[in-house]
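Quick note, the sequences are listed as chains A and B, same order.
So the first sequence is numbered by this note's numbering: it starts at 359 and just counts up by one.
So the second sequence is numbered by this note's numbering: it starts at 359 and just counts up by one.
Glycine residues also receive a C-beta, built at the ideal position from the N, C-alpha and C atoms.
Here the structure is laid out as structure tokens; the discussion comes afterwards.
Protein chains: 2
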Amino acid sequence: MSASRTARERVRAELTREITDIARGQLATEGASGLSLRAIAREMGMVSSAIYRYFPSRDDLLTALIIDGYNALGEAVEKADAAVAREDHTGRWLAVCHAVRDWALAHPHEYALLYGSPVPGYKAPMDTVAAAIRDTVVYGRIVSDAHEAGVLNPRDGFPAPPAAFSGDAGRVRDIIPGVPDDVIARALLAWTGLFGWVSFELFGQFNNVILDPRAAFEHAMRCHAALLGLPA
Amino acid sequence: MSASRTARERVRAELTREITDIARGQLATEGASGLSLRAIAREMGMVSSAIYRYFPSRDDLLTALIIDGYNALGEAVEKADAAVAREDHTGRWLAVCHAVRDWALAHPHEYALLYGSPVPGYKAPMDTVAAAIRDTVVYGRIVSDAHEAGVLNPRDGFPAPPAAFSGDAGRVRDIIPGVPDDVIARALLAWTGLFGWVSFELFGQFNNVILDPRAAFEHAMRCHAALLGLPA
DNA sequence: AAGAAAAAGAGAGCACTGCTCTTGACGGGC
DNA sequence: GCCCGTCAAGAGCAGTGCTCTCTTTTTCTT
């Protein structure tokens with residue numbers, strides 16, 4: 359029974375995959391708003407309504423693309439982190455930074471889908487969150503490792519986090535375990551700083567100003583590492 | 359002659375304004391992709407083709423909205439800065455931070471238009487840049503003032519900017535005049551950190567994690583101030 | 001004041017879009 | 001061998017940006 363059933367299921371999986379592949383291609387050339395189910399169907403030699411057998415709506419296709427995107431970025435970050443010696447926390451941080459930036463530059467529209475403006479009317483379903491934090495989990499492990507190894511400079515001269523922050527810090531600690539509140543706060547700073555920089559570069563805020571973005575980025579991330587307390 | 363000329367021109371200006379107002383309303387409720395010239399025309403009791411007498415294309419309307427947005431944000435930032443004593447550089451920085459965040463929270467779709475994903479196929483014309491840097495100019499003045507007043511902590515422990523950065527630093531110095539390269543670098547860090555944070559908060563990256571965003575933001579911006587070298 | 005010129009509105013139409021509904025064909029489980 | 005679920009196809013709805021032509025209104029010039 360399963361042999362014949364899988365025959366059907368296999369072609370279904372195949373077509374589903376082909377749809378997302380073509381959609382990703384459209385995303386790369388036209389952007390999220392240029393995603394057209396009819397155009398996908400045309401390219402597949404299918405009639406437009408047939409697509410709805412595989413994705414009930416445009417938003418569901420979008421969800422699939424978003425999850426794929428988070429996973430692709432997460433995997434890139436995981437690989438970059440794994441390629442550096444585990445005790446070289448600063449090197450791991452920098453590797454992660456470059457992995458994020460390189461992936462974003464290689465897939466600008468996908469990055470925009472993940473970290474840019476939310477698509478209006480689109481509500482991200484819960485399925486996305488697991489994929490969404492893959493990169494953050496890697497980052498959290500680096501910070502935790504560094505703290506555990508005792509190499510995190512206490513960085514005095516910075517204000518102590520207010521009492522109102524402790525609740526939020528606790529929730530962040532699920533991802534960056536075992537570190538005190540002030541490290542949580544600085545870790546958030548570096549993480550938002552990384553994506554803020556990449557977004558500025560990718561979304562054109564640096565146009566005609568930063569002409570050697572890689573060098574500026576590298577230095578900026580080294581500064582963030584220092585702020586975090588990582589050794590130079 | 360000008361009296362009669364202005365009669366026509368006045369109604370034209372009036373209608374142009376009405377179009378952008380309705381468009382801004384659409385932007386707030388539907389987002390950028392929900393902008394519909396036909397819906398605007400309908401709301402004005404006009405025929406859709408008539409809109410094209412005022413804006414040759416959807417992109418031109420978008421440009422107008424973008425410029426308006428930059429100006430609105432710039433004005434909010436200017437006001438916030440002006441409300442603080444000129445020598446209180448840290449206070450001015452925090453006021454600017456909150457002005458950006460408050461404006462973004464009040465006009466999320468407009469913020470997304472300015473600092474989120476670029477609209478695919480849309481090429482920002484040169485007219486936008488003057489408006490786009492209004493907020494940055496205010497920020498640059500704060501940093502310059504603080505440096506000139508000699509209150510900027512040198513913040514050693516941070517890596518020195520590489521030689522490759524000097525060219526870019528020079529271009530940034532047009533906006534933050536009179537400060538050395540390392541201050542330029544840290545100023546960029548704080549600025550991108552501010553917008554990175556606001557974008558994370560607004561675009562949902564903090565969902566279910568940061569529940570008291572204002573407190574966390576305030577502390578984060580104080581840390582950025584410290585990184586920059588501003589006195590506590 | 002009269003006529004030429006410029007500007008604006010109206011409406012039809014083109015080529016698209018997402019999405020729904022119905023119809024007809026195919027193929028595996030009873 | 002029937003029967004029902006799965007699927008493709010096609011027509012159709014309501015909407016989009018934009019272009020074209022035609023008519024009306026306003027402004028400028030003589």
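- One Cα belongs to G474(B), the other to P478(A), and the distance between them is close to 12 Å.
- Not one beta carbon of chain B lies nearer than 7 Å to the beta carbon of F575(A).
- 7 Å or more divides the Cβ of V567(B) from the Cβ of R580(A).
- Chain A places a beta carbon closer than 7 Å to that of S391(B), counting this residue as a contact.
- The distance from the Cβ of G551(B) to that of H582(B) is about 5 Å, consistent with a contact at the 8 Å cut-off.
- Contacts with chain B at 7 Å (Cβ-Cβ) do not include A489(A).
- Taking C-beta atoms as the reference points, F523(B) and H577(A) count as a pair closer than 7 Å.
- Counting C-beta pairs with one atom in each stretch, the region 451-464 of chain A and the region 443-461 of chain B have fewer than three that are closer than 8 Å, which means they do not touch.
- Proximity of E468(A) to chain B, defined by a Cβ-Cβ separation below 7 Å, is not satisfied.
- The alpha helix (DSSP H) runs of length 4 or more contained entirely in the region 364-408 of chain A are, from start to end of the chain, 395-402.
- In this structure R492(A) touches Y428(A) by the C-beta definition: roughly 6 Å separates them, less than 8 Å.
- Around the CB of S557(B), 16 or more other CB atoms lie within 10 Å, so the residue is classed as buried.
- In summary, the residues of the region 470-481 of chain A whose CB is separated from some CB of chain B by less than 8 Å are A470, L471, Y473, G474, S475, P476, V477, P478, G479, in the order they occur in the chain.
- Approximately 5 Å separates the beta-carbon atoms of L471(B) and A390(B); this is inside 8 Å, confirming the contact.
- In the DSSP assignment, I425(B) falls within the alpha helix (DSSP H) that extends over 416-440.
- Listed in chain order, the positions of the region 517-541 of chain A with a beta carbon within less than 7 Å of a beta carbon of chain B are P517, P519, P520, A522, F523, G525, D526, R529, V530.
- By the C-beta density criterion, R544(A) is buried, having at least 16 other C-beta atoms within 10 angstroms.
- At a Cβ-Cβ threshold of 7 Å, E401(B) and I380(B) count as neighbours.
- Contact with chain A is absent for L420(B), since none of that chain's Cβ atoms lies less than 7 Å from the residue's Cβ.
- Burial state of R368(B) is exposed, judged by a 10 Å Cβ sphere holding fewer than 16 other Cβ atoms.
- In the three-state DSSP reduction, G528(B) falls in the helix class (H, G or I).
- When DSSP states are grouped into helix, strand and coil, G449(B) belongs to the helix group.
- A distance of 7 Å or more separates the beta carbons of I533(A) and G587(A).
- Annotation for L546(A): the continuous alpha helix (DSSP H) segment containing it runs 539-560.
- Residue state for D514(A) is assigned as coil, using DSSP reduced to three classes.
- At a cut-off of 7 Å, the C-beta of E388(A) has a neighbouring C-beta in chain B.
- For the region 443-461 of chain A, the beta-carbon criterion of a distance under 7 Å to any beta-carbon of chain B is satisfied by none of its residues.
- The CB of D570(B) comes closer than 9 Å to the CB of A522, F523, G525, D526 in chain A, given here in chain order.
- With respect to the 7 Å criterion, D417(B) and Y480(B) are classified as neighbours on the basis of their beta carbons.
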